[in-house]
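Asker: Below you'll find the structure I mean.
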Amino acid sequence: MSGVVVQNMSFKQGQTMMITGVPNPNSNNFAINIGSSPDELALHLNPRFDAHGDNRTVVCNSFQGGSWCQEHRPDGFPFNQGEEFKVWITFTNEEFKITLPDQSEILFPNRPGAEKYNYFLFEGEVRIQGIEIK
Numbered sequence: 036m037s038g039v040v041v042q043n044m045s046f047k048q049g050q051t052m053m054i055t056g057v058p059n060p061n062s063n064n065f066a067i068n069i070g071s072s073p074d075e076l077a078l079h080l081n082p083r084f085d086a087h088g089d090n091r092t093v094v095c096n097s098f099q100g101g102s103w104c105q106e107h108r109p110d111g112f113p114f115n116q117g118e119e120f121k122v123w124i125t126f127t128n129e130e131f132k133i134t135l136p137d138q139s140e141i142l143f144p145n146r147p148g149a150e151k152y153n154y155f156l157f158e159g160e161v162r163i164q165g166i167e168i169k
């Protein structure tokens with residue numbers, strides 16, 4: 036997997052990050068990671084077309100202290116290979132609210148409880164077209 040790292044862009048509680056991208060036509064999976072460093076990811080959003088034994092599944096997790104935590108696998112899979120998507124992410128001290136392309140929502144705990152994050156890693160078979168924070 037190749038990745039694009041964005042650092043020193045501040046994402047604070049109450050703000051919304053909008054990510055626009057297009058999975059490659061033959062994409063197996065991609066990931067949007069938000070945290071404070073490569074070793075501390077508060078949110079790992081991993082749409083899997085066909086990867087890691089999963090087919091058309093969204094997996095959310097966090098990576099803390101060198102280990103993956105408990106996975107969260109919501110219902111639905113509103114992503115298509117080769118088609119543009121928009122994802123909106125807002126967070127509070129308690130949780131991330133992720134709005135998917137079909138307007139369904141995922142609530143995922145903000146396990147570290149930080150007030151801001153400044154490390155973002157976009158990896159996998161996807162072309163990120165835009166990142167906007169409001």
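To convert a position in the sequence shown, counted from 1, into the numbering used here, add 35.
Even glycine gets a Cβ: it sits at the ideal position worked out from N, Cα and C.
Counting C-beta neighbours from all protein chains within 10 Å, is the total for G49 16 or more, i.e. buried, or is it exposed?
Answerer: By the neighbour-count rule (16 or more Cβ atoms within 10 Å), G49 is not buried but exposed.
Asker: Are M52 and I124 touching if we call contact CB-CB under 7 Å?
Answerer: yes
Asker: What are the partner residues of K151, as DSSP defines its beta bridges?
Answerer: K151 is bridged to K47.
Asker: Could you work out which residue in E167, K169, V161, G165 is closest to N63 when comparing CA atoms only?
Answerer: V161
Asker: Expressed to the nearest angstrom, what Euclidean distance is found between the alpha-carbon atoms of N81 and F65?
Answerer: 6 Å
Asker: Using DSSP bridges, identify the partner residues of K132.
Answerer: T125, L142.
Asker: Determine the DSSP secondary structure at P60, reduced to helix, strand or coil.
Answerer: coil
Asker: Leaving out five residues on either side along the sequence, give the residues of the same chain with a beta carbon under 7 Å from the beta carbon of Q42.
Answerer: N153, Y154
Asker: Going by DSSP, name the residue or residues bridged to C95.
Answerer: L80, H107
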